[in-house]
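4 protein chains.
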Amino acid sequence: MVTAAIIGGSGYTGGELARLLCRHPKITLEAMTSRRLAGSKVSDEHSYLEGFVDLKYQQAIDLKERYDIVFVAAPHGASMEVVPSLVERGIKVVDLSGDYRLSDPNVYTKWYGLEHKDVKNLDNAAYGIPELFKDRIAKATLVANPGCYPTCTCLGLAPLFSKSVVEDKVIVDAKSGTSGAGMEPTKMTHHPTCASQIIPYKVGTHRHSPEIQMVLERVAKAPIEVVFTPHLMPIVRGMLCTSYVRLKKDMDKASLLKLYSDFYSGKRFVRMVSSPSISAVVGSNFCEIGLELVGANTVVVMSTLDNLVKGASGQAIQNANIMLGLPETAGLDFPGLGV
Amino acid sequence: MVTAAIIGGSGYTGGELARLLCRHPKITLEAMTSRRLAGSKVSDEHSYLEGFVDLKYQQAIDLKERYDIVFVAAPHGASMEVVPSLVERGIKVVDLSGDYRLSDPNVYTKWYGLEHKDVKNLDNAAYGIPELFKDRIAKATLVANPGCYPTCTCLGLAPLFSKSVVEDKVIVDAKSGTSGAGMEPTKMTHHPTCASQIIPYKVGTHRHSPEIQMVLERVAKAPIEVVFTPHLMPIVRGMLCTSYVRLKKDMDKASLLKLYSDFYSGKRFVRMVSSPSISAVVGSNFCEIGLELVGANTVVVMSTLDNLVKGASGQAIQNANIMLGLPETAGLDFPGLGV
Amino acid sequence: MVTAAIIGGSGYTGGELARLLCRHPKITLEAMTSRRLAGSKVSDEHSYLEGFVDLKYQQAIDLKERYDIVFVAAPHGASMEVVPSLVERGIKVVDLSGDYRLSDPNVYTKWYGLEHKDVKNLDNAAYGIPELFKDRIAKATLVANPGCYPTCTCLGLAPLFSKSVVEDKVIVDAKSGTSGAGMEPTKMTHHPTCASQIIPYKVGTHRHSPEIQMVLERVAKAPIEVVFTPHLMPIVRGMLCTSYVRLKKDMDKASLLKLYSDFYSGKRFVRMVSSPSISAVVGSNFCEIGLELVGANTVVVMSTLDNLVKGASGQAIQNANIMLGLPETAGLDFPGLGV
Amino acid sequence: MVTAAIIGGSGYTGGELARLLCRHPKITLEAMTSRRLAGSKVSDEHSYLEGFVDLKYQQAIDLKERYDIVFVAAPHGASMEVVPSLVERGIKVVDLSGDYRLSDPNVYTKWYGLEHKDVKNLDNAAYGIPELFKDRIAKATLVANPGCYPTCTCLGLAPLFSKSVVEDKVIVDAKSGTSGAGMEPTKMTHHPTCASQIIPYKVGTHRHSPEIQMVLERVAKAPIEVVFTPHLMPIVRGMLCTSYVRLKKDMDKASLLKLYSDFYSGKRFVRMVSSPSISAVVGSNFCEIGLELVGANTVVVMSTLDNLVKGASGQAIQNANIMLGLPETAGLDFPGLGV
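Chains as they are written, first to last, in our numbering: chain A, 913 to 1251; chain B, 913 to 1251; chain C, 913 to 1251; chain D, 913 to 1251.
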């Protein structure tokens, strides 16, 4: 067994990491931190973990303890304060914040409004979508775990851009459940506000927009324009991204599907289906993808995942598995709820 | 036309009062106050009122202006600070807070944790369920507008207690939409918390419990024990109260229904139906009631209403109509959404 | 008072017509038909109409009675069987089906799979979005009441196409509540299927696609390509259309907003807002529109309406008002629920 | 490994059995039947099982194959047609229908409207709530898997009745998610009907009423009156039962909690908590229980579970584990989703 710790374990992604790790066959969760909750039982905050996680929140992890892997589920800004000391000690880190996702520190500053304080590690961080960048992840000490929207969107579009069959403009109309907004009550996630409508927000200004662009450009090896419109949808878990791109030249649907099934051959967690469903993936690390060819040359790509699993904590564990030389699917190989 | 003002118009009940008053054939809304929003347009806070309510929030109402009726939609504690000066000037007041509902100031102190500062007006306040206490409301200067749960429960049970056909113990299992919790985001009304479950809360300790007891005792002219369990349900508007009482002696369902239809004869806003529905009353001032006789002698009474209309602002206007000598249904006589 | 009848009054749009007409100051609803429910009370099917609509369903309307306006809320295919006999007698008709919306009978046949049997009236039918085609509606005997998606989308895009400031391709990502699917239970609208996800359906193949294209081409006076992706969303009432177009040349957001406010000047039911909201329009005949300029030249237009009101029965009454020479807003001039 | 088959695998409980069995460490699922879907892949019907269950639906199971355990997820009436031939061959059976739950065939006939055709096996069937009847289950060839409402209610109330501390009347106000209604679309589970309200149904006439009574009487060894009111609630998975009983003599809350913790000591899947939560148990085999003492002597017991897991397929596997001599928690020992 290898050992793990979670820094910042009070929120949804921290709880979800613990939910998944407590059944992991190879990783033992040994510590969770929370400044606010230090001293209290983890299962007092996350009651569903009662009987599974018998830990108390610590103020901070003890760096003299040797953890094989540390998951950092702190807010952006706070992550880059704590990551350097871990990496320095040679501890493998999966960081779930936005701090190490954008490879260019100037882009980071522009979208996050902060100076980047750890450019050295930023340069070495691997971007953690395993279906696209597994080799780099395998060698990395630090993996930047992607945002939920970029994971869902880029898994949906990567095959098209990797084969250069589509033009350089993409429209992403994304719909997310409310758990993506985190545990802190806000005006927008107040039930009477959001339960009977779908709310577009941060249109063109969401921080996941440059992240999507960076990933697609890396795949396409060419500049791409991204128009990204996130919506808050009245469900708790799950996400659908509906993306629109134009073919450079005629292709039929069968050829497109062949391109996808070749691209994702052997990738356990990506499933090509005729009708991607959120319910089919909820609770699991799967991503479902489907597509339609509309009009002359528009490809409509639909992709779904559970924003807390494949969109966050599940993918973090998948990255950890790869970094640690464990089977990629360890602790994650179970189906979604279905209904 | 008579003139009206709303004190405390930033929340859901304030907005709902304005939504209903803006179409009222006899009452003109002339002022709304909000300390927090003073100076800003009402329709900036409540966008659906754009084009209907052309007012700016005031810091306070000008008592030199002569309003025929003032609706006080302030929190409890704050209401009894402002009501005395209104009543003193002879202005008719409908108070939507809990301050004037419980006729015994000691009971008020026990449940609200505050000393009552306006016992004189408390003594004279009428309790505003028009179907039960219309005569007193008609003569009152101050009406305490009831809580949503007491309105829904007591309309459902009053016929049985008024005819003394049931025993003195009642169990009320109530389910409310989240708008009843008000506009302020909280942990419990955070969408990811409450959207996929039904949450019992304040079991036996909710402030509406003594209010239900007071009203039923007034109707029954005898002491009654109330066990009241409210639940937060994942809908926005609407409420169902399922109440359980035991018959003193055998009665069949037809006799019970006859008792109800006699009791509510001529009461426009109470509708006896076989299956009470929230959807049928949403957006309207109607209350639907149905009942079943189960086992030897248990009557299961089900009652529904829209907590923001018949459970708050609609009933407040109904009370105002009565106080002002207007037709009781003025501005309120339209059907629920149905779907 | 003018008199009205509804043919096909058992479904959601029929019930909604009755809900609105029962409070209309100038139109009296005198008959509703339903083959299935003939002889039973309308309020037995639509309980919320109890006390407002005191009619029984008839097998068919009696053509010897002279109705000033007939609303046909029958399914497509059935409408064109009944409309000719009405028009022939000079009765004004608002048809809520798809039968008279697509001006080209060949396009109708392609998308509806039926031969058009009433091409003569099809030629004379006015398409009923009053904000775009009021003059023709005012003179028409037959108005084809638009689909919910086309109304929402085209109100959102018409200003841009009327001024020819955008390119000829539009992507419409639309999200609708489930009441748009009608009253008949189906696999897709089964609560366990649709309540925890958002489901894309009929991608590129929905019948509202050619209708949107027709309307926009009429406004633009030029050919337009429409990529239309409808989604089923887990709310009951309301719709959001997020549309994407590209500017032909640079414009700033202020100029775009000016273009919209000029275009909709004096149109009571269209409201430009910074954040279009479904809750703000639910229950009402309003459409809210907002927009953002993203990237180099993409305009993201967001529009919301209540699919049963402005998207169906409310707009039908608005059309009837115009046809009958009544004030356009009669019976419709009240705000949405807001929350 | 032991081998299993599922008869009737097209519905929600069949799919859920497969979802759980595909990760079971000791049981291999070898066959699933469905008359309607015979020949098609299981993962075509239940897409979330793609990659986990590689079976095709069979018309029927081949009795010459020796299955160690057969789960019958057929409708009532159909189960008693197929169970006898299995039991006769000595195959262990868990039946998820209502056919073998009510030990008295006359009660069965009264509530199900059918003659019981297999009274011999009915006499020998064990009722499968392991926390209450484990010894009998361990020896049984046939286990009647309980209804969701009886499991949730009786786990909540059994400690009180087993110690005879409460009176013989119980009121159960139960709220269920819509998946409990099964996979077949109906008027009541049509999203526009049920999504914005909570609907009481079959008040006093639901088939789970005599089942609850039978179990509680067995525990209490005395007659009990049950008043049972089920409600359909707008969530998909999960159930809350709020039950009301009266203490025979004074007890404080601490004593009651002690009584519960003693009773459930060592029972892995029952968890005493201060606030029972549906979200905490969704996806899992756990049942959460909490209680409050209200007024003079009323105990309000709240219990939650996932109706498809502990309320159906999870409990069926728990029963199978016991019958087969496997660890009771095998394949079921993971936490709920939490959020």
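We put the CB at the ideal spot given by N, CA and C, even for glycine.
Run down chain D in chain order and give the residues with a C-beta less than 8 Å from the C-beta of valine 1193 of chain C. The contacting residues do not exist; valine 1193 of chain C stays about 16 Å from chain D at best.
Beta carbons nearer than 7 Å to chain D: which residues of the segment 992-1022 of chain B have them? Within the segment 992-1022 of chain B, no residue has a Cβ that lies closer than 7 Å to any Cβ of chain D.
Contact set between serine 1189 of chain D and chain B, taken where Cβ atoms lie within less than 8 Å: Within 8 Å Cβ-Cβ: Gln1109 and Ile1111.
Would you mind sorting lysine 1087 of chain A into buried or exposed? The rule is 16 or more other CB atoms within 10 Å of its CB. Lysine 1087 of chain A counts as buried, since at least 16 other C-beta atoms from the protein chains shown sit within 10 angstroms of its C-beta.
Bridge partners for aspartate 1085 of chain B per DSSP, in chain order? DSSP, once it has assigned bridges, lists B:Thr1141 and B:Thr1154 as partnering aspartate 1085 of chain B.
Is tyrosine 924 of chain B close to chain A, meaning its C-beta is less than 9 Å from at least one C-beta of that chain? By this cut-off, tyrosine 924 of chain B is an interface position.
With a threshold of 8 Å, are at least 3 pairs of Cβ atoms found where one atom belongs to the segment 1240-1249 of chain C and the other to the segment 934-948 of chain C? Contact holds: three or more Cβ-Cβ distances are below 8 Å.
Report yes or no: do the segment 1165-1183 of chain B and the segment 1197-1212 of chain B share at least 3 C-beta pairs separated by less than 8 Å? Yes, the segment 1165-1183 of chain B touches the segment 1197-1212 of chain B.
Just verifying my parser: in three-state terms, what is the DSSP assignment at glutamate 962 of chain D? Glutamate 962 of chain D falls in the coil class under three-state DSSP.
Closest residue to valine 1127 of chain A among A:Val1182, A:Asp956, A:Ile1147 and A:Leu1067 (Cα-Cα distance): The residue from A:Val1182, A:Asp956, A:Ile1147 and A:Leu1067 with its alpha-carbon nearest to that of valine 1127 of chain A is A:Leu1067.
I'd like to know whether the C-beta of glycine 1178 of chain D is nearer than 9 Å to at least one C-beta of chain A. Using a CB distance cut-off of 9 Å, glycine 1178 of chain D does not count as an interface residue toward chain A.
Quick one: what does DSSP say glutamate 926 of chain B is sitting in, helix, strand or coil? Per the sequence shown, the amino acid found at residue 926 of chain B is glycine instead of glutamate. Looking at glycine 926 of chain B - three-state DSSP - the assignment turns out to be helix.
Compare the C-beta of tyrosine 1093 of chain C with all C-beta atoms of chain D and state if any pair is closer than 9 Å. At residue 1093 of chain C the sequence reads alanine, which differs from the tyrosine that was named. Interface with chain D (9 Å Cβ-Cβ cutoff): alanine 1093 of chain C is included.
Whole alpha helix (DSSP H) elements within the segment 1162-1192 of chain C, 4-residue minimum: The alpha helix (DSSP H) runs lying completely inside the segment 1162-1192 of chain C and spanning 4 residues or more are 1165-1175, given in chain order.
Distance, isoleucine 1110 of chain B Cα to lysine 953 of chain D Cα: So the alpha carbons of these two residues sit roughly 36 Å apart.
Assuming methionine 944 of chain C is part of the beta strand (DSSP E), what are its boundary residues? First-last of the beta strand (DSSP E) with methionine 944 of chain C: 939-945.
Quick check: what's the CA-CA separation for asparagine 1033 of chain C versus threonine 1216 of chain C? Cα atoms of asparagine 1033 of chain C and threonine 1216 of chain C: separation of roughly 31 Å, rounded to the nearest angstrom.
Ends of the beta strand (DSSP E) at aspartate 1007 of chain A? For aspartate 1007 of chain A, the enclosing beta strand (DSSP E) stretches over residues 1004-1007.
Whole angstroms are fine: how far does the CA of proline 1122 of chain C sit from the CA of methionine 1069 of chain B? Residue 1069 of chain B is actually leucine in this sequence, not methionine. Linking leucine 1069 of chain B to proline 1122 of chain C through their CA atoms gives a straight-line distance of about 55 Å.
3 or more residues per run - each beta strand (DSSP E) lying fully within the segment 1051-1097 of chain B: For the segment 1051-1097 of chain B, whole beta strand (DSSP E) runs of length 3 or above, ordered along the chain, are 1054-1056 and 1081-1088.
Touch test, the segment 1001-1015 of chain B against the segment 981-988 of chain B, Cβ-Cβ under 8 Å, three pairs minimum: Judged by pairs of C-beta atoms under 8 Å, the segment 1001-1015 of chain B touches the segment 981-988 of chain B, as three or more such pairs exist.
Using the beta-carbon count (16 or more within 10 Å), is leucine 975 of chain A buried or exposed? With fewer than 16 other Cβ atoms within 10 Å, it is exposed.
Excluding sequence positions up to five away, which residues of its chain have a Cβ less than 7 Å from the Cβ of threonine 915 of chain C? If we look at threonine 915 of chain C and ignore the five residues flanking it on each side, its Cβ neighbours are Thr940, Glu942, Tyr979 and Asp980.
Which residues bound the alpha helix (DSSP H) around alanine 917 of chain B? Segment 914-919 is the beta strand (DSSP E) holding alanine 917 of chain B; no alpha helix (DSSP H) there.
Within 9 Å (strictly less), CB to CB, does cysteine 1064 of chain C reach chain D? Among the residues facing chain D, cysteine 1064 of chain C is not included, as its CB has no counterpart in that chain under 9 Å away.
Residues of chain D with CB under 7 Å from cysteine 1060 of chain C, in chain order? Contact of cysteine 1060 of chain C with chain D by beta-carbon distance below 7 Å is absent, the smallest such distance being about 14 Å.
Methionine 1214 of chain C and serine 1173 of chain C - do their beta-carbons sit closer together than 9 Å? With contacts defined by Cβ atoms closer than 9 Å, serine 1173 of chain C and methionine 1214 of chain C do not form a contacting pair.
Tell me which residue opens and which closes the alpha helix (DSSP H) that threonine 1021 of chain D is part of. 1017-1024 is the span of the alpha helix (DSSP H), which, as asked, contains threonine 1021 of chain D.
With a cut-off of 9 Å, does the C-beta of glycine 1089 of chain A fall near any C-beta of chain B? Nearest CB-CB separation between glycine 1089 of chain A and chain B: below the 9 Å threshold.
Going by beta carbon distance, what residues of the same chain come within less than 8 Å of threonine 1090 of chain D, once the five residues before and after it are set aside? Within the same chain, and ignoring the five residues on either side of threonine 1090 of chain D in sequence, the residues whose Cβ sits closer than 8 Å to its Cβ are Thr1101, Cys1106, Leu1144, Met1145, Pro1146, Ile1147 and Val1148.
Given a cut-off of 9 Å, decide if valine 1212 of chain A and proline 1142 of chain C are closer than it, judged by their beta-carbon atoms. No, Cβ-Cβ distance for proline 1142 of chain C and valine 1212 of chain A is not below 9 Å.
Between which two residues does the beta strand (DSSP E) holding glutamate 1204 of chain C run? From DSSP, the beta strand (DSSP E) with glutamate 1204 of chain C extends over 1199-1206.
Given that a residue counts as buried once 16 or more other Cβ atoms are within 10 Å of its Cβ, and exposed if not, what is glutamate 1096 of chain A? By the 10 Å Cβ count, glutamate 1096 of chain A comes out exposed.
Does alanine 1228 of chain A pass the burial test, meaning 16 or more other C-beta atoms within 10 Å, or should it be called exposed? Per the 10 Å Cβ criterion, buried.
For isoleucine 981 of chain B, three-class secondary structure by DSSP: Three-state DSSP puts isoleucine 981 of chain B in a strand.
Give a yes or no on whether the C-beta atoms belonging to aspartate 1162 of chain A and isoleucine 1190 of chain A are separated by under 9 Å. No, the Cβ-Cβ distance between aspartate 1162 of chain A and isoleucine 1190 of chain A is not below 9 Å.
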